[in-house]
Structures are given as C-alpha cells and as structure tokens.
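Under the working numbering, the first residue of the sequence shown carries the number 3, and numbering increases by one thereafter.
Glycine residues also receive a C-beta, built at the ideal position from the N, C-alpha and C atoms.
Right, one structure below, let's go through it.
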Amino acid sequence: MQKAIIYTRVSTDEQAKNGISLQRQEVEAKAYCKANNIEAVEVFCDAGESAKTLDRPQLLASLEFCRKHSKDIDYLVVWKIDRLARQTQDHHTITAAITKMGIELRSVTENIGSNPSGKFMEGMLALMSQFDNDVRTERVLGGVKTRTEEGGWTHIAPLGYQNIKDIERRPTIKPDEKAPLIAKWLREFIRGGYTLREMNQLAYDMGIRSRQGKRVSYQQTINILRNPIYAGIVKTKFIDTPVKGVHEPLITLEEHEEILERLDKRKKGNPAKKPLEDWRLRGLLICADCGHKLTGSSPKGRVKRYPMYHCVKCKVKTVGHRVSAPRDKLHQEFEQILESISPTDDTMKLFRELVVLKWNARHIEQRKQLKAMNQDLEKLHTKKQRVLDLFIEGSLSVDEKQSALTKTEADIVGTEIKIGQLKSDSLDTESLIDFSINMLQNVPKLWRLANHVDRQRLQELVFPEGIVYNFESGFGTVKTGELYQLINQITQINGENTNVVGVVGFEPTANQL
C-alpha cells in the first residue's frame, strides 16, 4: 500500500483556537487517502501560520520527515493548494524539493497530478493563490494608508502607549501606565550630560522595560528618542509626509525637536562642544530611600551649572530631605573608600601563598588528563604509521588503507583539540596571581586613570551589588566582591583591622582572578 503524509494549515489565531478548519482539513484528507487506497502515516498542522512565508514550524517538520523517509512516502496531501503556499515561487520551491525525493503533491479538493494536465492545473491554482493574496494585501495596505493619513496608528503601540480605537473606530493609541516614566526619561535627556549608553542604563534604572519585560536594547533607546509619535506626530512608510496624530502626546513638539538636535550634534561631532561630564559613579550608587540607582545631571544655576548625583524616583516632599549631592564630593568620598579597603603588603603576601596552594591542588587532575591525552595522541600517531607500513607491505588494499587513515586522522584531530582546550585553561598561575595582586593594591589609582569602560568593570569587580548612598549621612558600610571578602578573612587571620565586610569559608575562584 502506498503511503502519504498530510499537511494542514490555518492562517489566523481565531481559526487556530476553535480548530474547526484544521479538523475539517484533516478529516477530508484522511478520507481522500482511504478512498485512494493510501495509508496516512503522519499529520502535520500549522495553527495560526501565514502561507506568505516558508518559515512555518510544521511545514519544515513535514519536509524534514519526507527527507528522512523518502523511500517510504509516496504523497504529500493537502486539502487545497493554498494551504501549502500563497506565493508561486514558494509553491514551486516546495514541490521541486519533494519531487527530488520521489514524492508527489496531491490536493483533496483540486484535480492535480503528475500528468501534463494535472501539472497545468497545479500551476494555475498556485498562480490564482498568489493573485488572491496580492489583492488582499493591496486592500489591507490601502486601508492602512487611509487610516494613517487621518492620524491613526495601525501598528503595535510603542512603549508608553497601548492600542485602541477612537469613537470613529480608527485604530490609534493612548498612554498606558508606563507613559509618565517614558516622558520623564525623554525630558531627562534634554537636561543634558548623558551619552546614549547612559540613557540606556537610566531607562533600566527607572524601571522601563520592553513589552517582554526585558531590558530595553541600545537600538531601542535610539528609536524611542527619535520617534515623533511621543510628540503627537505619526510618521510611517505608508505616507509621504508626517501628519498630526489623533493620540495624546507625551512631550511637546519643541521638546522632540530639541532631542533630535542633541542627537544630531552627537552624530556629527561638534569640535566646539565641551567634553562629556564625568559621571563615573552613575549606575553604581543606590538610593538608600527607594533602592533605585542614582543618576547624574548638571542643573543650571544663576551663574553656572552644578553637577549633582540625584535620585529620579524620590521627591523632597516625600522623603523629607534633599535627594541630590554634589558630584565632586561623592567622587572624593568614593576614592577614600577605595583607599580604606586597599590591602597591606603582608596581607597580599599571605593571600598569594594561599591562592597558589589552592590553585595547584585544583589543577592536579587537569595535569593528569593532559598527560593521558598526550599519551593517547602518541599512540594514534604510531597507529597511523603502522597503517602506512602495512599498506607498503601489501597487507592492506587502497580502500582499507584509506578507511583506516581517515578514522585515525579524525581521532588525532579530536585529541589535539581537547589538548588545546586543556592547555588554554592552564594559564600561567604565577603571572595571573601577580597581576591580580598588583591590581588590588592599586585600585584607587586605576580608578582615577582608567577609561569609562574599564572603570565600570573595576567598580563591578569591587562592588558587584553597588553602594548604598544616603543623602543625609553619606556612604554606609560597603559590601565588596569575593576577592575583597577573601582578603578580609586573611586580614583577620593575620590580626589586622579592616572596613571590608567578610564571609565564612575560604574558596578563591579562578574567574575572580
């Protein structure tokens, strides 16, 4: 008995939920197979998938099934040609692929087949399917253009808005619960002193997230800043010129133009522009009142600007005290903290001895593995030479020699790769530890001289959880990273005093070095 697989598809979520169309297609396809003495061995269903693309999970799965079982499958059965594809090119791509496998396409409702008339009918049906799809697309795009020209919004709402329809049933948007945050964030950029990376971090600190609940990407940051929708302007590819939207704006048109002006200045590069202000602690400091990270800006006074770190969440009338502090003062106090936790020479000497002992103990097994692999590699090379000797002696044919060499050489390459990985993991212990010690003893200096990226990494290493700052009392007790906690334990063993918070247990990790 000949065998077939069945492919069914519905194009909308509504059809997918009630399952009526899928069920009808499957029932009629199975009835067709039974009537033609064909065994239906597998059914593949794409629920809520458009035929405009070949990137459909179950379609791809059905083609893969055909590839693996091409010797057993005779037909691919669909309820109708347009279930398979709505683009003529896609249709021919699929049919060409299954034809090479020796599989024939059959339609339950249409008279197609492998004979000339059947192929002609199949081609005509594929063309009609594409024509129908193109007409629908043109009607939809025409409606979208009309609604957009009226100031409506026919796409997914941007962050800060939600999709609705107005009283005239035009698709548009209205502000959602995130709108005040987005507006505040946009105006924060106008205040100045932020790079795009810092704006991205500020969005995260303020609690602005994507619709999937994830961090807003760098490109999304730029897109939000440039999007005129927040100023009440609709601009899409469907219309030639922007129009005034029917939705409520979050910022004024003047504010939007100022944002664009600042972005364009950054892009072009202004030689007369002052260097970016130094906000090295932005993203590290945490507000003691609300737990959100502090940001920085330079509000203008009567005579000059005053660089301040401040909390974007807290209000003076709510917490009862100021919510900002001078930038230079915090930088100076932070450097004093770094000085206070710098370990002594005696502590670092003991630290070095303990870490070397631990490191060497952990790598005994690795060295054993490396030795064993080198021995295996030597045996494989000997085996390869032996194969060649046997061939020369006439004990192996050309095919036997080639087969044996192919397998042996593959084993040699695999073993060499494993040896290379082990060697790359076996770093120069002494040099690595000396580098770590030098870094730990010079953190204040490194912090002063490092570039922005390296300084951020250094701060994350020393204070991975950030530092809490109280606008009334200043910095509290700081909690440092694993390395400093380990050094604190050594300091206590050595009978010295320290301000670093310690933890129980001694287990230095390689990734911290």
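DSSP-derived helix/strand/coil call for residue i
| i | result |
| --- | --- |
| TYR206 | helix |
| HIS312 | strand |
| LYS180 | coil |
| GLY247 | coil |
| SER109 | strand |
| PHE473 | coil |
| ILE253 | coil |
| SER1 | Because the chain is modelled from 3 through 515, residue 1 falls outside the range shown and cannot be assessed. |
| ILE114 | coil |
| GLN514 | Residue placement at GLN514 cannot be trusted, given a pLDDT of 40 that sits under 50; the coordinates are not used to answer. |
| GLY396 | coil |
| THR320 | helix |
| VAL236 | strand |
| ILE421 | helix |
| PRO466 | coil |
| ARG211 | strand |
| ARG307 | strand |
| ILE414 | helix |
| GLY73 | For the sequence presented, residue 73 should be read as Lys rather than Gly. DSSP places LYS73 in coil when its eight states are reduced to three. |
| PRO173 | strand |
| LYS302 | strand |
| ASP280 | coil |
| LYS481 | coil |
| TRP2 | The structure shown does not extend to residue 2, since the chain is modelled only from 3 to 515, so the question has no answer here. |
| CYS35 | helix |
| HIS518 | The question about residue 518 has no answer, for the chain in this structure spans 3 to 515. |
| GLU380 | helix |
Short Cβ contact (7 Å threshold) for residue i with residue j
| i | j | result |
| --- | --- | --- |
| VAL464 | GLY483 | yes |
| VAL79 | ARG108 | yes |
| ARG329 | PRO301 | no |
| LEU359 | TRP449 | no |
| VAL43 | ILE8 | no |
| ALA233 | LEU255 | yes |
| ILE105 | CYS68 | yes |
| LYS237 | PRO230 | yes |
| GLU337 | PRO466 | no |
| ARG457 | ARG282 | yes |
| ILE253 | PRO244 | no |
| ILE435 | VAL357 | yes |
| THR111 | LYS82 | yes |
| GLY153 | GLY50 | no |
| TYR471 | LEU287 | yes |
Limits of the beta strand (DSSP E) - the one that residue i falls within
| i | result |
| --- | --- |
| GLN164 | 163-167 |
| PRO328 | 326-328 |
| SER64 | Per DSSP, SER64 belongs to no beta strand (DSSP E); it is in the alpha helix (DSSP H), 59-70. |
| ARG11 | 4-11 |
| ASP48 | 40-48 |
| VAL80 | 77-80 |
| LEU287 | 287-289 |
| THR297 | 297-299 |
Other residues of its chain near residue i: CB distance less than 8 Å, five sequence neighbours each side excluded
| i | result |
| --- | --- |
| LYS186 | MET208 and VAL314 |
| ALA6 | CYS35, ILE40, GLU41, ALA42, VAL43, ILE75, ASP76, TYR77, LEU78, VAL79 and ARG108 |
| GLU257 | LEU188, ARG189, ILE192 and ALA233 |
| MET3 | ASN39, ILE40 and GLU41 |
| VAL318 | ARG324 and VAL325 |
| SER299 | GLU190, ARG193, GLY194, GLY195, TYR196, PRO309, MET310 and HIS312 |
| LEU392 | LEU398 and LYS403 |
| LYS167 | PRO173 and THR174 |
| LYS420 | MET375 |
| ILE210 | LEU161, LYS180, LEU183, ILE184, TRP187 and VAL218 |
Beta-carbon proximity list for residue i, same chain, < 7 Å, skipping 5 on both sides
| i | result |
| --- | --- |
| LEU382 | THR410, ASP413, ILE414 and THR417 |
| CYS316 | CYS289, ASP291, CYS292 and VAL325 |
| GLU335 | GLY476 and PHE477 |
| ILE224 | LEU198 |
| LYS216 | none |
| VAL321 | ASP291 |
Close-in-space but distant-in-sequence residues of the same chain around residue i (CB under 6 Å, 5 per side omitted)
| i | result |
| --- | --- |
| ARG85 | ARG11 |
| VAL137 | At VAL137 the pLDDT is 46, less than 50, meaning the model places this residue with poor confidence and gives no usable figure here. |
| LYS32 | ALA42 |
| PRO182 | none |
| ASN453 | none |
| GLU140 | The predicted model places GLU140 with a pLDDT of 48, which falls under 50 and marks its position as unreliable, so this point remains unresolved. |
Range of the contiguous alpha helix (DSSP H) that encloses residue i
| i | result |
| --- | --- |
| LEU86 | 83-86 |
| PRO446 | 445-451 |
Minimum Cβ-Cβ distance from residue i to chain B less than 7 Å
| i | result |
| --- | --- |
| ILE439 | Judged by its chain identifiers, the structure shown contains no chain B, having just a single protein chain. |
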